[in-house]
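Trainee: Before we start, here is the structure in question, set down as structure tokens.
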Amino acid sequence: MSDPLTCGQVLDQLGPLADNELDSITRALVESHVAGCPRCAAAHEKLTSLDEFLRASSTSVREQSATVADRVLANTPAPRPSTTTITRQTPRILRRLAVVAAASVALLLVIRPPQRPSHDPPVQTIPSPAANAVPVAFVVRATGPLEFQDPATQAWERVELASIPSLACPESSSIRTVPGTLVELETSNGTKLRLNEKTEVSLASPDDLELRTGHLWCQTGSANQVTIKATPLATDRDQSSGQTSLTLENLAACACTSPDSVATVFRQPDGVQVTAGSGNVEVTLGEQKHSIPAGRTASVSRNGVEVNAPAVTSLNAERWMQPLLAMAGHGNPELSQRVESLLADLGATKASWMRETDLRALGEYAAVPLIEFVKQERSTTDAVKRRRAMSIAADTAPVWTVPDLIALLDDKDAAIQASAAKALTRLTGQSPARDMAKASWTSWWEQNARVCIPPTQQERVPRAPSL
Amino acid sequence: MRVRKGQRSAQECLVRRWAPRVFAICRARLGHASINEDLAQESLLRALARLDSLKEPDHFGPWLRSIATNVCVDWIRTKTHRPHTVSIDSTDETITATSHDIDTLDRTEITLELRQQIDLLPMDLREPILLFYYDDVTYDQIAETIGVSRATVSARLTKAREILGRKLADLVEGVRNV
Numbered sequence: 000m001s002d003p004l005t006c007g008q009v010l011d012q013l014g015p016l017a018d019n020e021l022d023s024i025t026r027a028l029v030e031s032h033v034a035g036c037p038r039c040a041a042a043h044e045k046l047t048s049l050d051e052f053l054r055a056s057s058t059s060v061r062e063q064s065a066t067v068a069d070r071v072l073a074n075t076p077a078p079r080p081s082t083t084t085i086t087r088q089t090p091r092i093l094r095r096l097a098v099v100a101a102a103s104v105a106l107l108l109v110i111r112p113p114q115r116p117s118h119d120p121p122v123q124t125i126p127s128p129a130a131n132a133v134p135v136a137f138v139v140r141a142t143g144p145l146e147f148q149d150p151a152t153q154a155w156e157r158v159e160l161a162s163i164p165s166l167a168c169p170e171s172s173s174i175r176t177v178p179g180t181l182v183e184l185e186t187s188n189g190t191k192l193r194l195n196e197k198t199e200v201s202l203a204s205p206d207d208l209e210l211r212t213g214h215l216w217c218q219t220g221s222a223n224q225v226t227i228k229a230t231p232l233a234t235d236r237d238q239s240s241g242q243t244s245l246t247l248e249n250l251a252a253c254a255c256t257s258p259d260s261v262a263t264v265f266r267q268p269d270g271v272q273v274t275a276g277s278g279n280v281e282v283t284l285g286e287q288k289h290s291i292p293a294g295r296t297a298s299v300s301r302n303g304v305e306v307n308a309p310a311v312t313s314l315n316a317e318r319w320m321q322p323l324l325a326m327a328g329h330g331n332p333e334l335s336q337r338v339e340s341l342l343a344d345l346g347a348t349k350a351s352w353m354r355e356t357d358l359r360a361l362g363e364y365a366a367v368p369l370i371e372f373v374k375q376e377r378s379t380t381d382a383v384k385r386r387r388a389m390s391i392a393a394d395t396a397p398v399w400t401v402p403d404l405i406a407l408l409d410d411k412d413a414a415i416q417a418s419a420a421k422a423l424t425r426l427t428g429q430s431p432a433r434d435m436a437k438a439s440w441t442s443w444w445e446q447n448a449r450v451c452i453p454p455t456q457q458e459r460v461p462r463a464p465s466l
Numbered sequence: 000m001r002v003r004k005g006q007r008s009a010q011e012c013l014v015r016r017w018a019p020r021v022f023a024i025c026r027a028r029l030g031h032a033s034i035n036e037d038l039a040q041e042s043l044l045r046a047l048a049r050l051d052s053l054k055e056p057d058h059f060g061p062w063l064r065s066i067a068t069n070v071c072v073d074w075i076r077t078k079t080h081r082p083h084t085v086s087i088d089s090t091d092e093t094i095t096a097t098s099h100d101i102d103t104l105d106r107t108e109i110t111l112e113l114r115q116q117i118d119l120l121p122m123d124l125r126e127p128i129l130l131f132y133y134d135d136v137t138y139d140q141i142a143e144t145i146g147v148s149r150a151t152v153s154a155r156l157t158k159a160r161e162i163l164g165r166k167l168a169d170l171v172e173g174v175r176n177v
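Same order as they appear, the protein sequences are chains A and B. Numbering that gives the first Met the number 0 puts the first sequence at residues 0 to 466. Numbering that gives the first Met the number 0 puts the second sequence at residues 0 to 177.
This is the structure:
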């Protein structure tokens, strides 16, 4: 039987099909065509993907709409009964619309995701390390609570780092990050480790670690070497003999074998992924050793080791560490480097909107370098980038940059002047007339400068104590 | 008392039912401005206050839309809003991802960017898309609200999705390949 519909007709009906707006006969015809036509099937898949994103984008809007409704009802008295003809229509309207509303509310209730139960362990006081316990590493910053396993008791305890200067981790202790928490550690030989959320590492020694689950970044610093082993998730059980054997996961390891080597290790259900950032990075699988060139990713699985280009750029791959960089405070070289890299990519690629998002996410920690960039003579060669940098800084600059912003009111670029004025209005709460603006904001600064001081070095999170 | 109670329940149903649609109409006109909530609230309050003047109850949707449109136009004419900080924590465009998983962050970023791309659509395409995704409405209900035929609604949604689909492909490619 021939297909009564052409591809052109079907493509026009894919939207109504997805929206459940076709009658049963047309729906059957369209679905039949899609099932047998690769082109239309691909278009249908793309539409489904788009639909998912668009529905996701409406989630917060529904919450805002509910807020609007709450506010309206709070500001509206209950309607009074009336004898006029027109008013008698009101209850009918409300009743008619109420039926539709009730059905819609029921639908919203059905599709709302259920609450997940919390499995957080209770907060306890961490025990002091034993007198002869030698710290292998120190947790120097964390964006939230973490869990620490005492090697002596094997008990997991929750730690709020904000309440203690740093957490000393003895040999064979373990650290685990909870959802939403990022952690940075420094080992006693200078290796820097950053753990993404839901990551667990065991610290056998300063240069011998085990990644049980999750995702970490490491930099050897002045240390010569660090080895990160991947824990076996399970042992293979031979179905016929019932014997167990070690899986390849037990044999995989990543080693940074030179100072200032950088690597990212990702523990996945079916293996390990190692991305080499710089320096000498090797992956070992059983007896095989593979050297990973900088900028490449090794995927280790039962099939062996495969080295490819990474799926994402390092700029994207390191986005998750931004909160830790910001915690290190203003002026730290790595943060400055990241801001510079984001700025260099701004406007240069299709993903530059992500760079702007990242810069905004860094808040004042990016605003200060961005203002410095705008102030530099070399930035005038790229007016578009300069304006974008200033636009971001206008929304995120901290109050102690007021003098810099006042100086930018005299910039040759009117867009820079406008951004500086916008920032000054936000920071000072003053919106003076144009001809009085500079004098007004200068006066404001003179009156408030003593209380608008930038954070000092001592106010940053302290580094690990030297041993 | 039963009548009063019944009317209050019906009033609450009406407000909750139409709030998403009014919000979509305001958003279609003003983009992702933080003022959208205030204007949607004002539109609903005006509608409730003037309900007695609605001659044909079946035309409530278009009538409410005209009120919301007038509220938005009035605001645009007389706006005196102060500059506001657009931070990553803006309540109007909230990135709620708490996960630091790369894929989750990418999807969240793409979703946010796609929402902004909607604001760049022509008005005749923007309104049906917002009404469809912000409110659980049918093509017929959209047609009634904006005063066009059902076929026109279908065509406009198709066109809007074509444009957004191309943007989405660019966004995904930008995340993967750059």
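Ideal placement from N, C-alpha and C gives every residue a C-beta, glycine not left out. These numbers come from a predicted model, not from an experiment.
Per DSSP, which residues does W352 of chain A bridge with? Please list them.
Mentor: According to DSSP, which records beta bridges pairwise, W352 of chain A is partnered with nothing at all.
Trainee: Check whether the Cβ atoms of Q116 of chain B and L163 of chain B lie closer than 8 Å to each other.
Mentor: For Q116 of chain B and L163 of chain B, yes; Cβs fall inside 8 Å.
Trainee: Kindly give me the distance between the Cβ atoms of L13 of chain A and H32 of chain A, rounded to whole angstroms, as I take these residues to be in contact under 8 Å.
Mentor: No, L13 of chain A and H32 of chain A are not in contact; Cβ-Cβ is about 10 Å, not under 8 Å.
Trainee: Three-state secondary structure (DSSP) at L202 of chain A?
Mentor: Of the three classes helix, strand and coil, the one that applies to L202 of chain A here is strand, per DSSP.
Trainee: For the stretch 54–68 of chain A, enumerate the residues whose C-beta is nearer than 8 Å to any C-beta of chain B, in chain order.
Mentor: Hits within the stretch, in order: R54, A55, S56, S57, S59, V60, R61, Q63, S64, A65, T66, V67 and A68.
Trainee: According to the neighbour-count rule (16 or more other Cβ atoms, all chains shown, within 10 Å of its Cβ), is A206 of chain A buried or exposed?
Mentor: The question names Ala, yet the displayed sequence has Asp at residue 206 of chain A. Classification for D206 of chain A: buried.
Trainee: In the stretch 337–404 of chain A, which residue ranges form an unbroken alpha helix (DSSP H) of at least 4 residues, counting only runs that do not cross its ends?
Mentor: Listed in chain order, the complete alpha helix (DSSP H) runs (minimum 4 residues) inside the stretch 337–404 of chain A are 351–360, 363–374 and 382–395.
Trainee: Can you tell which of B:K54, B:D57, B:A46 and B:H58 has its C-alpha closest to the C-alpha of N69 of chain B?
Mentor: For the residues B:K54, B:D57, B:A46 and B:H58, the minimum Cα distance to N69 of chain B belongs to B:A46.
Trainee: Going by alpha carbons, who is nearest to F137 of chain A out of A:L10, A:T380, A:K421 and A:R193?
Mentor: Among A:L10, A:T380, A:K421 and A:R193, the Cα nearest to that of F137 of chain A belongs to A:R193.
Trainee: Tell me whether N279 of chain A sits in a helix, a strand or coil according to DSSP, three-state version.
Mentor: Residue state, collapsed to three classes: coil.
Trainee: Counting along the chain, where does the beta strand (DSSP E) carrying W155 of chain A start and finish?
Mentor: Start and end: W155 to V158.
Trainee: Taking 8 Å as the threshold (beta carbon to beta carbon), is G146 of chain B in contact with chain A?
Mentor: So, not an interface residue.
Trainee: Let's test the definition: count the other Cβ atoms within 10 Å of the Cβ of Q242 of chain A and tell me whether it reaches 16, buried, or not, exposed.
Mentor: Below a pLDDT of 50, predicted positions are generally treated as unreliable, and Q242 of chain A, at 45, falls in that range; no measurement from the model is reported.
Trainee: Need the endpoints of the alpha helix (DSSP H) that G7 of chain A sits in, please.
Mentor: Start and end: C6 to A17.
Trainee: Against chain A, does L124 of chain B count as a neighbour if the rule is that its beta carbon must be under 8 Å from one of theirs?
Mentor: For L124 of chain B, the answer is no, since every Cβ of chain A falls outside 8 Å of its Cβ.
Trainee: Please name the residue or residues paired with W216 of chain A in a DSSP beta bridge.
Mentor: Partner(s): A:R193 and A:T263.
Trainee: Does the separation of the CB atoms of L53 of chain A and L13 of chain B fall below 8 Å?
Mentor: In this structure, L13 of chain B does not lie closer than 8 Å to L53 of chain A by Cβ.
Trainee: With distances taken Cα to Cα, identify the nearest neighbour of C36 of chain A among A:A448, A:V71 and A:C6.
Mentor: When each option's Cα is compared against that of C36 of chain A, the closest is A:C6.
Trainee: Helix, strand or coil for V152 of chain B? Go by DSSP, reduced to three states.
Mentor: V152 of chain B: helix per DSSP, three-state reduction.
Trainee: Could you work out which residues of chain B lie near R70 of chain A, taking near to mean beta carbons separated by less than 7 Å?
Mentor: Neighbours of R70 of chain A on chain B, chain order: Q40.
Trainee: Give the straight-line distance between the Cα atoms of I85 of chain A and Q10 of chain B, rounded to the nearest whole angstrom.
Mentor: A caution first: I85 of chain A carries a pLDDT of 33, below 50, which makes its placement in the model unreliable, though a value can still be read off. Each residue's Cα considered, the two are about 16 Å apart.
Trainee: Alpha carbons only, please: which of A:E199, A:L369, A:A41 and A:A68 is nearest the one belonging to R16 of chain B?
Mentor: Of the listed residues, the one whose Cα sits closest to R16 of chain B is A:A68.
Trainee: Give the DSSP-derived three-state secondary structure of H289 of chain A in the structure shown.
Mentor: In the structure shown, H289 of chain A sits in a strand (DSSP, three-state: E or B).
Trainee: So which residues on chain D does P15 of chain A lean against when the C-beta distance must stay under 9 Å?
Mentor: Annotation note: the requested chain D is absent from the structure, which comprises protein chains A and B.
Trainee: Looking only at its own chain, which residues have a Cβ that is under 7 Å from the Cβ of S468 of chain A, when we skip the five neighbours before and after it?
Mentor: A question about residue 468 of chain A goes unanswered here, because the residues of chain A that appear run from 0 up to 466.
Trainee: For the stretch 150–158 of chain A against the stretch 179–191 of chain A, are there 3 or more C-beta pairs whose distance is under 8 Å?
Mentor: As far as the Cβ criterion goes, the stretch 150–158 of chain A does not touch the stretch 179–191 of chain A, which means the pair count is below three.
Trainee: Would you call the CB atoms of E305 of chain A and S313 of chain A closer than 8 Å?
Mentor: The answer is no: Cβ separation not under 8 Å.
Trainee: Using a cut-off of 8 Å between C-beta atoms, extract the partners of I109 of chain B located in chain A.
Mentor: The contacting residues are F52.
Trainee: Tell me whether N307 of chain A is buried or exposed, calling it buried when 16 or more other Cβ atoms sit within 10 Å of its Cβ.
Mentor: Result: exposed.
Trainee: According to DSSP, is I145 of chain B part of a helix, a strand, or is it coil?
Mentor: If DSSP states are grouped into helix, strand and coil, I145 of chain B belongs with the helices.
Trainee: Any Cβ of chain B within less than 8 Å of the Cβ of E20 of chain A?
Mentor: It does: the Cβ of E20 of chain A has a partner Cβ on chain B nearer than 8 Å.
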